[in-house]
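Visitor: Residue numbers (numbering that gives the first Met the number 0): 0 to 219. Using N, Cα and C, we set each Cβ at its ideal position, and we do this for glycine too. In this text the structure is predicted, and so the values were computed from the model without any measurement.
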Amino acid sequence: MIMIKATNKKPTLFLALSSLIMAVIIGFSGFAEAGASKTADSPPSQFVRKLGDTALMSLTEKKVSRATREKRVREILQNNFDIPTIGRFAMGTYWKDASEAQRKEYMVLFEDMIVQTYTSRFEDYSGQTLEVDGSIAASARDFIVSSQVVQDGPPINLEWRVRNKDGDLRIIDVVVEGVSMSVTQRSDFAAVIQHGGGKIDALLSSLRERSKKMASNQKG
Numbered sequence: 000m001i002m003i004k005a006t007n008k009k010p011t012l013f014l015a016l017s018s019l020i021m022a023v024i025i026g027f028s029g030f031a032e033a034g035a036s037k038t039a040d041s042p043p044s045q046f047v048r049k050l051g052d053t054a055l056m057s058l059t060e061k062k063v064s065r066a067t068r069e070k071r072v073r074e075i076l077q078n079n080f081d082i083p084t085i086g087r088f089a090m091g092t093y094w095k096d097a098s099e100a101q102r103k104e105y106m107v108l109f110e111d112m113i114v115q116t117y118t119s120r121f122e123d124y125s126g127q128t129l130e131v132d133g134s135i136a137a138s139a140r141d142f143i144v145s146s147q148v149v150q151d152g153p154p155i156n157l158e159w160r161v162r163n164k165d166g167d168l169r170i171i172d173v174v175v176e177g178v179s180m181s182v183t184q185r186s187d188f189a190a191v192i193q194h195g196g197g198k199i200d201a202l203l204s205s206l207r208e209r210s211k212k213m214a215s216n217q218k219g
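1) Thinking just about the alpha-carbon of each residue, which of E74, G51, K62 and Q101 is nearest to the one in K198?
2) Can you tell me which of A214, I192, S215 and M213 puts its alpha carbon nearest to the alpha carbon of S220?
3) Would you tell me roughly how many angstroms separate the C-alpha atoms of T92 and L129, rounded to the nearest one?
4) Is it the case that the Cβ atoms of M180 and D172 are separated by a distance below 8 Å?
5) Using 8 Å as the threshold, is the region 130-147 in touch with the region 111-120, meaning 3 or more CB pairs across them?
6) Determine contact between the region 103-118 and the region 135-154, defined as no fewer than three beta-carbon pairs at a distance below 8 Å.
7) Give the C-beta separation of M112 and R209 to the nearest angstrom, bearing in mind that I take them to be a contact with Cβ-Cβ under 8 Å.
8) Out of K49, A39 and F109, state which residue places its alpha-carbon closest to the alpha-carbon of R185.
9) If we require 4 or more residues per run, which alpha helix (DSSP H) segments fall completely within the region 146-183?
10) I need the DSSP call for A139, collapsed to helix, strand or coil.
11) Helix, strand or coil: how does DSSP classify V63 here?
12) Find out if the Cβ-Cβ distance for the pair I155, V174 is shorter than 8 Å.
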């Protein structure tokens, strides 16, 4: 976070979400390091490679139930992405105004939305590959891993922001062709809240409705 497809449009909410994870989850078939780099074997680069290997092994099975695929997607998310940090950032300044109950429900709905979205998009996988150039230190605890998604058409440039949290590496953002997916998500959620009169419940209602709609579509 594609199904990764060439597009001239600014990333929408769902492209932003899928870009955040799906490039990792489904983009590693035929994985290759692009060129020699002194940072190619750095811990962040190794982290991304291991994540790709794990995803490739667990998510490329053709005959697997929706429930099983969702479970595997959720495990990959929880083990490799800092969902609490991403979720709090996506809510923006409204996070401090949210009650504890609203925060808890939001985080559950946020993670469920990601899992449902990526599980659906994974079904459309068509063999894109990811080439990793290497990583550089962005701060004392953040690293930027540069890569390209190779596909039919122009490649897509991706930069993964990987954070060291007490010795554990977690992805906190992906920049797709210069556009931060976390910032895009934050803007989309802010628009929903503002449209709902500045009420956080407007966002929660939207997420609940989306979850129900996706569940209904799956049954149908």
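Guide: Answer, in terms of the structure:
1) Q101
2) The chain is shown from 0 up to 219; residue 220 falls before or after that span and cannot be answered.
3) 34 Å
4) yes
5) no
6) no
7) 6 Å
8) F109
9) none
10) coil
11) coil
12) no
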